[in-house]
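Start counting the sequence shown at 1; every next residue gets the next number (the UniProt record's numbering).
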Amino acid sequence: MFDSSSPVPPAATQVAANAPSGPVTAAVDCCPEAAWFDVSRNGPASYFGFDNLSNKVAQPGQEYWNSGPQISLPSNKETRDGAVWVSVPVGEETELTINFKGAAACIGNCTYEIEPATVAEVVAPTPTASGLAIKIKGVQPGEASLKVMCNGKLRGYFHIWCQKMVFLDVSVGVIQVTSAKHTRHQIMQGRNEYLSTKLPPLLLPPLPPNPPFTVENLETALNNTFMQALISCSVTDVGIVDFDQLPEAQRNAARNFVFDGPEPVFMSSGSMDPRVGFDKAVTDAVYRSLNGVAGLANAHLPGKFHYRIWYLRQPDVHSLETIGAALETPSRDGFMFATGESYYSVLVHEFGHMLGLKHVNEPNKTNKDQLPDHLRLSDKNGAAWHPDDPTNAMGYNSPFNVDLLYSQWKAYERVKTHAGLSPDVGNS
Ligand SMILES: [Zn+2]
1 MFDSSSPVPP AATQVAANAP SGPVTAAVDC CPEAAWFDVS RNGPASYFGF DNLSNKVAQP
61 GQEYWNSGPQ ISLPSNKETR DGAVWVSVPV GEETELTINF KGAAACIGNC TYEIEPATVA
121 EVVAPTPTAS GLAIKIKGVQ PGEASLKVMC NGKLRGYFHI WCQKMVFLDV SVGVIQVTSA
181 KHTRHQIMQG RNEYLSTKLP PLLLPPLPPN PPFTVENLET ALNNTFMQAL ISCSVTDVGI
241 VDFDQLPEAQ RNAARNFVFD GPEPVFMSSG SMDPRVGFDK AVTDAVYRSL NGVAGLANAH
301 LPGKFHYRIW YLRQPDVHSL ETIGAALETP SRDGFMFATG ESYYSVLVHE FGHMLGLKHV
361 NEPNKTNKDQ LPDHLRLSDK NGAAWHPDDP TNAMGYNSPF NVDLLYSQWK AYERVKTHAG
421 LSPDVGNS
């Protein structure tokens, strides 16, 4: 998770190659002053969710590791004391790095315990060149804290959210329809021109080039984000539904959602009708029509899926200002109006809506249970992403919106899935 304004923590103590190890005696005479936690240095494959923003301190210096010799576990795990949250699936492991303050030779005197011990177990604290890598394994659903103890005193902690992994089958397909004015060739040309001339503004330092647009990479993009919430997506390419080959009524239903269609959603300027999302009658009509198109397309699916994403590419470059839409929040169907590697993060954002996640700037505060107060924008505004959380998947900072916070991990109604939310082809 990108963190633009962290207080600079004290330098991590180097652990010597001959750091003490072996049995720990009941009482030891030296201890590190404090311990705090960082993302695993072994890369994203070694962990699931890691949230160092939800409990970020309001003022630098208020971190628990700067609070003096008496460190205590807060009764409220959402206290803003600098503690991090990690997610871990039942039966799987996640890794963090521990940093220590002071007394390098005493690190070996530390022990690690999880409270309550029923939720997770410590797998392996292992010294590394720059700290201590620690792994925990999920045991059963619940919340807990890992405590670093030394000589009977708490030296540091992090919080754990453990759940069973949810497995979702997701279809990705293309609705092909020739509009009244544009040929298929022009539709593709418009898309290519858009990608080459009107990439989203870079609001953060540029990332490495994205991988090519493939279904496999779409699956990777979804899992990079939603595995943080212990949701695993299996994406199936269901190919093209060619509405040009379908009866006229169905073809026209799809044409309504091409820029120059007979009943365009899009204005002459090329932007989506600005009343969409604000004028209830207009919004309902648009979404009802899109829902109808999804229903027609779903009838051509080769199997059953929990969630369905349809690409309905637009011929006019400007119409791509609206790149994706989830039909409701939550919803079993979603649309993408542009293809391209730059839009993986848009797909991730729309899929977040499909799972029930709200914007970080939802105007009516329906997102209050999904975001901590200090990371929630209270109103619609031009920024549409929180400056202290610029990579949140539910902000508008594409292509950097890829991360989820602890409270967003919890927002998905996973119990419903475990209880038998079954793949289907209708809308429910
Ligand atoms: Zn959105």
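Every residue, glycine too, gets a C-beta built ideally from N, C-alpha and C. Given the structure is predicted, the values throughout are model-derived calculations rather than measurements.
Secondary-structure assignment with DSSP links E362 through no beta bridge to anything. The beta carbon of Y412 is closer than 7 Å to those of A229, I231, L355 and G356 in its chain, skipping five residues each way along the sequence.
The C-beta distance from A35 to G152 rounds to 15 Å, too long to fall under 8 Å, and the pair is not in contact.
For the options C162, G173 and V360, the alpha carbon positioned closest to that of L301 is the one of G173.
When R41, S67, D284 and L327 are compared, the shortest CA-CA separation from A294 is found for L327. The alpha-carbon of A124 is positioned some 35 Å away from that of Y344.
The alpha-carbon separation between Q176 and G352 amounts to approximately 25 Å. In the three-state DSSP reduction, V293 falls in the helix class (H, G or I). Remark: C-beta atoms of A117 and I136 do not approach each other more closely than 7 Å. A distance below 7 Å between beta-carbons, with the five flanking residues on each side excluded, links S46 to the following residues of its chain, in chain order: S40 and E95. By the neighbour-count definition (other C-beta atoms within 10 Å, threshold 16), C30 is an exposed residue. Comparing C-alpha distances from K101 to each of K280, F167 and P32 shows the shortest one belongs to P32. Secondary structure at M165: coil, using DSSP grouped into helix, strand and coil. If you ignore the 5 residues before and after Q140, its C-beta comes within less than 8 Å of the C-beta of V90, T118, V119 and C162, all in its own chain and listed in chain order.
Of all alpha-carbon atoms in E113, D81 and F226, the one lying nearest the alpha-carbon of N401 is that of F226. I71 and L296 have their C-alpha atoms some 60 Å from each other. Per the coordinates, the alpha-carbon of F305 lies some 26 Å from the alpha-carbon of A249. Going by DSSP, G352 is part of the alpha helix (DSSP H) stretching over Y344 to M354.
With respect to the 7 Å criterion, S331 and V238 are not classified as neighbours on the basis of their beta carbons. With a threshold of 16 other beta carbon atoms within 10 Å, E115 falls short and is exposed. L168 and E219 have their C-alpha atoms spaced approximately 11 Å apart. With a threshold of 16 other beta carbon atoms within 10 Å, K280 falls short and is exposed. If you draw a straight line from the Cα of D244 to the Cα of G303, it comes to about 22 Å.
Between S234 and A393, the alpha-carbon positions lie close to 19 Å from each other. Scanning the stretch 128–152 for uninterrupted beta strand (DSSP E) segments of 3 residues or longer gives 131–138 and 142–150, listed from N- to C-terminal end.
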